[in-house]
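**Q** Here it is, the structure, as structure tokens.
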Amino acid sequence: LWDQVPFYTRTTLKEYIVKSLIILLMAVFTSLTALSIIAAENRVVDRASVDWGLLNPARGDASPRAANLWGDRSKDIATGMLVSFPQGFSSPAHIHNISYHGIVIEGEMHNDDPGAESMWLPSGSFWMQPAGEVHVTAANGQNNLIYLEIDSGPYLVQPSEEAFDNGERPFNLDTRNLVWLDSGDAQWLERDGAQIAYLWRKATNANGSFLKLPAGFNGSIESGAGLKAVIVNGLLSYRWQESDSKTTLQLGSFFEASVAGQHHLETEIETMLYINSDGRYRVR
39 LWDQVPFYTR
49 TTLKEYIVKS
59 LIILLMAVFT
69 SLTALSIIAA
79 ENRVVDRASV
89 DWGLLNPARG
99 DASPRAANLW
109 GDRSKDIATG
119 MLVSFPQGFS
129 SPAHIHNISY
139 HGIVIEGEMH
149 NDDPGAESMW
159 LPSGSFWMQP
169 AGEVHVTAAN
179 GQNNLIYLEI
189 DSGPYLVQPS
199 EEAFDNGERP
209 FNLDTRNLVW
219 LDSGDAQWLE
229 RDGAQIAYLW
239 RKATNANGSF
249 LKLPAGFNGS
259 IESGAGLKAV
269 IVNGLLSYRW
279 QESDSKTTLQ
289 LGSFFEASVA
299 GQHHLETEIE
309 TMLYINSDGR
319 YRVR
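Each number in our numbering comes from the position in the sequence shown (counting from 1) with 38 added on.
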């Protein structure tokens with residue numbers, strides 16, 4: 039049948055088919071590009087889906103387990119990870135090559151000078167460990183989980199004989215000593231019941247804070263820049279921007295956006311988040 043079609047008609051049909059295929063391919067490429075942009079600007083990680091490995095492979099089975107939520111602890115980049123400790127864990131005295139922030143999610147943790155009395159930090163507590171400072175880390179709960187955050191890597195455990203002073207000083211902040219601000223204290227908390235406790239801030243305006251949301255909260259975090267968040271306790275339903283897709287996140291789960299936008303949150307019980315933000319955010 040094709041041979042019976044006049045030559046000029048066949049040529050026109052071929053051009054039409056080729057142009058149609060090009061248009062179709064361009065449409066598919068555009069759709070895939072849009073999806074990849076959305077995936078790149080927002081990411082959600084359920085604690086149940088993380089890949090666990092050893093925090094300190096040199097100690098083998100005696101090492102705590104760790105799972106990257108973002109970044110890569112084995113490389114020279116900023117990283118946030120979950121670290122799990124068995125009950126009764128106690129490390130030998132040691133140092134790290136980098137400074138880190140630690141947030142207790144489950145159990146009770148002690149992180150201090152080797153000669154210090156045990157001070158067990160419960161869920162919702164925070165500590166800062168400077169690079170080069172000799173310390174021990176211990177766990178007292180049946181299940182012990184922390185979120186550990188570094189500005190650069192790789193994350194290494196080194197002997198105390200290599201101790202050095204980088205100018206920073208360690209501190210431990212029990213959750214019971216947090217100073218909470220509400221909508222009457224901070225104008226960027228526009229929803230009654232929401233509370234914020236500031237933990238650290240840098241000259242670049244990057245900052246770390248705890249955000250507490252009441253039971254029955256239905257609102258959003260509106261960020262003017264990149265933002266990362268970990269659920270410290272409680273439970274929430276999460277949705278990014280205008281998406282119709284909701285994700286239920288348990289403690290230890292994580293969400294982030296590399297751009298400004300709205301993180302829509304709903305809670306049934308009181309929920310606490312640790313937030314690492316590139317700038318100020320609002321709760322609406």
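Note that beta-carbon positions come from the ideal geometry of N, C-alpha and C, so glycine has one too.
1. Can you list, in chain order, the residues of its chain whose CB lies under 6 Å from that of Y193, leaving out five sequence neighbours each side?
2. Between F209 and chain B, is there a C-beta pair that is closer than 7 Å?
3. Any contact between the stretch 296-314 and the stretch 247-267? By contact I mean 3 or more CB pairs, one from each, below 8 Å.
4. Looking at the structure shown, is P102 part of a helix, part of a strand, or coil, going by DSSP?
5. Is DSSP giving A267 helix, strand or coil here?
6. Assess contact between the stretch 168-183 and the stretch 130-146, defined as three or more Cβ pairs (one per stretch) separated by less than 8 Å. Is contact present?
7. Mind pulling the beta strand (DSSP E) runs of 3 or more residues that sit fully within the stretch 269-307?
8. What do you get for D89, buried or exposed, if any count of 16 or more other CB atoms within 10 angstroms of its CB means buried?
9. According to DSSP, simplified to helix, strand and coil, what is P95?
10. Helix, strand or coil: which one does DSSP assign to E79?
11. State buried or exposed for D316, treating a residue as buried only when at least 16 other CB atoms are found within 10 Å of its CB.
12. Could you tell me the alpha carbon to alpha carbon distance between A224 and L159, rounded to whole angstroms?
13. For K250, report the span of its beta strand (DSSP E) as first-last.
**A** Working from what's here:
1. Within the sequence shown, residue 193 is the residue found at index 155, counting from 1. Only R111 meet the Cβ criterion.
2. Protein chains in the displayed structure number just one, and chain B is not present.
3. The answer is yes - the stretch 247-267 touches the stretch 296-314, with three or more Cβ pairs under 8 Å.
4. Here residue 102 refers to the residue found at position 64 of the sequence shown. Reduced to three states, the DSSP call for P102 is coil.
5. Here residue 267 is taken as the residue at index 229 of the sequence shown, counted from 1. In the structure shown, A267 sits in a strand (DSSP, three-state: E or B).
6. Of all C-beta pairs linking the stretch 168-183 to the stretch 130-146, three or more are shorter than 8 Å, placing the two stretches in contact.
7. The stretch 269-307 contains these whole beta strand (DSSP E) runs: 274-278, 285-287, 292-295, 299-305.
8. If you number the sequence shown from 1, residue 89 lands on position 51. With fewer than 16 neighbouring CB atoms inside 10 Å of its own CB, D89 falls in the exposed class.
9. Locating residue 95 in the sequence shown gives position 57, counting from the first residue. For P95, the three-state secondary structure derived from DSSP is helix.
10. Taking the first residue of the sequence shown as 1, we reach residue 79 at position 41. Of the three classes helix, strand and coil, the one that applies to E79 here is helix, per DSSP.
11. Your numbering for residue 316 matches position 278 in the sequence shown. Looking at its Cβ environment, which holds 16 or more other Cβ atoms inside 10 Å, D316 is buried.
12. Sequence index remark: in the sequence shown, residue 224 carries index 186 (1-based). Sequence index remark: in the sequence shown, residue 159 carries index 121 (1-based). Straight-line Cα distance between these residues: approximately 27 Å.
13. Residue numbering aside, residue 250 sits at position 212 when the sequence shown is read from its first letter. Run containing K250: 245-251, per the beta strand (DSSP E) assignment.
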